[in-house]
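In my numbering, the protein residues as written are -14 to 238.
Working notes for the structure below.
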Amino acid sequence: MKHAFLDEYSGLQSPIHQLDPRAKLVGFIALIIICVTTPPDLYIAFAAYLGLELVLLIMSRLPWKHVLKRMLIVLPFILVVAVFLPFFNKGGGSYNLGPLTVSGHGLLVLWNVAAKSTVSVLAVILLSSTTPFPELLKGMEKLKVPHLLTTIMSFMYRYIFVLMDELQRMRRARDSRGWSGRWLWHAKVIGHMIAALFLRSYERGERVYAAMLARGYDGGVRTIYLYDFGAVELGFVALVTLFPLAARLIVGG
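Structure representation (structure tokens):
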């Protein structure tokens, strides 16, 4: 099973990687909240948010190709919807683009969606790419996130790769039997595969749960927490929170 795409660069050595996961969670979530609540006409404030993230990206030593690849997974879905807004929103004047007419208010909404989604997605990428997922979950537990939520996310992270491996075996078995999939009625095979995968997943889950109970599982996973929330973490939270907040207040007057 190949599953390094989630934690591919979380083991790098950089000042951002070494921070307590709680500091990164609080800092990046605060940055996202400040960004999404910023009025769309404060252009310099959005430039300050993006500039701060670029500085953190350089400090984290993450490959630019890796970051851009992850952004291209999410942003097109958002922008494909937002790109039609200038043609339907009214107000703020109108501009002719050949046979098409766009509204000024619609362009402002498009800018608003594009800017906020870019900053927010980049913040999530910085958080997830500099923190191993198990440690991120442990940090969430330390911040008193509901235990049921972190447990579900933990099992999802662990067993989604098992299901992907099971799906790959089913695909190889299907292709080895000469399946071509050229015609509509061949979709029946896909339906059978989905049903079989669901049943196998359910049965595997029952077996895993029974095995965990047999080993004394009581709803919690006890691990050693190796991080400490010190002066460096406090400085990081202050930087990521107070700098964008100050930029917003100064630009907004």
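Backbone N, C-alpha and C define an ideal beta-carbon position, used for all residues, glycine too.
Treat the numbers as computed from the prediction; the structure is a model and nothing was measured.
Where does residue i land, buried or exposed, given buried means 16+ other C-beta within 10 angstroms?
i	result
residue 88	buried
residue 326	The requested residue 326 does not occur in the structure, where the chain is confined to residues -14 to 238.
residue 198	exposed
residue 50	exposed
residue 202	exposed
residue 110	buried
residue 61	exposed
residue 22	exposed
residue 229	buried
residue 134	exposed
residue 65	exposed
residue 125	buried
Can you grab the Cα-Cα spacing for the pair residue i / residue j, in whole Å?
i	j	result
residue 98	residue 146	33 Å
residue 215	residue 119	21 Å
residue 233	residue 102	17 Å
residue 154	residue -8	24 Å
residue 179	residue 143	20 Å
residue 131	residue 116	20 Å
residue 90	residue 137	42 Å
residue 54	residue 63	15 Å
residue 200	residue 211	25 Å
residue 231	residue 43	22 Å
Quick one: measure Cβ to Cβ for residue i and residue j, integer angstroms, because I've assumed they're closer than 8 Å.
i	j	result
residue 41	residue 1	6 Å
residue 38	residue 100	Contact doesn't hold; Cβ gap of about 12 Å is too wide.
residue 15	residue 225	7 Å
residue 8	residue 218	4 Å
residue 184	residue 151	Actually they are not in contact, since the Cβ atoms of residue 184 and residue 151 sit about 11 Å apart, beyond 8 Å.
Does the Cβ-Cβ distance between residue i and residue j come in under 9 Å?
i	j	result
residue 6	residue 123	yes
residue 113	residue -5	yes
residue 45	residue 10	no
residue 96	residue 24	no
residue 104	residue 221	no
residue 237	residue 35	no
residue 106	residue 59	yes
residue 186	residue 227	no
**Message:** So within the region 95 to 163, which uninterrupted alpha helix (DSSP H) runs reach at least 4 residues, ignoring any that extend past its ends?
**Reply:** Fully enclosed alpha helix (DSSP H) runs of no fewer than 4 residues occupy 118 to 127, 132 to 161 of the region 95 to 163, in order along the chain.
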